[in-house]
Each structure stands twice: as structure tokens, then as C-alpha cells.
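Enquirer: If you read the sequence shown in UniProt numbering, its first letter stands for residue 1, the second for the next number, and so on. Backbone N, C-alpha and C define an ideal beta-carbon position, used for all residues, glycine too. Note that the structure is a prediction, hence the values are computed from the model and not measured. Below you'll find the structure I mean.
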Amino acid sequence: MVPFAVGGLAAFAVAALIVWLANGPDRWLQICVAGFLCGIPGLITMIVHDRHRKRRRLLSHPEFRVTSQL
């Protein structure tokens with residue numbers, strides 16, 4: 001899920017940059033910044049969720065084994 005959160009953050013950052021460079025309405029820039037800032041807690045949540053995935057899987061499926069480390 002982390003790549004989706006990073007993709008959303010990147011999309012809002014690029015949109016903010018485009019609106020800023022094109023001298024677009026201030027309201028649009030505020031929306032882009034708000035979307036980026038609201039996405040940061042989502043990214044942190046997904047990082048923590050993925051970090052604990054292996055432990056949860058071991059508790060629910062004892063036969064599960066990790067064969068490679070990324």
C-alpha cells in the first residue's frame with residue numbers, strides 16, 4: 001500500500017507545482033497543499049501497517065515462512 005500513498009503524495013505535489021507555476025487560482029493551490037499534507041499521515045499508517053504484516057501473518061498462519069528478504 002505504500003506505493004499508492006507515495007503516488008498520491010507525488011500527484012498532489014506535481015499538481016501544486018503546476019498550479020503555482022501557471023499562476024492558477026489560490027484555492028486550487030490550497031487544495032493541492034491540503035491533499036499533500038493529509039496524505040502524510042496515510043503514508044505513515046501504511047508504513048507501520050506493512051512493517052507489522054509478517055508478524056500478523058505468522059500469528060494467523062504458523063506454516064508461513066519468508067523465503068527471501070527484500
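1. By the three-class DSSP mapping on this structure, what secondary structure does threonine 67 have?
2. Rounded to a whole number of angstroms, what is the C-alpha to C-alpha distance between lysine 54 and phenylalanine 4?
3. Would you check if the stretch 11 to 23 and the stretch 42 to 52 touch, i.e. whether three or more CB-CB distances between them fall below 8 Å?
4. Quick one: is the Cβ of aspartate 26 within less than 7 Å of any heavy atom of the ligand MG?
5. From the beta carbon of arginine 55, is the nearest beta carbon of chain C less than 8 Å away?
6. Note down the Cα distance separating arginine 56 from proline 62, rounded to an integer number of angstroms.
Expert: Reading it off the structure:
1. Correct three-state label for threonine 67: coil.
2. 20 Å
3. no
4. As far as ligands go, the structure on display features none, and thus does not contain the ligand MG.
5. Protein chains in the displayed structure number just one, and chain C is not present.
6. In a straight line, the C-alpha of arginine 56 is about 10 Å away from that of proline 62.
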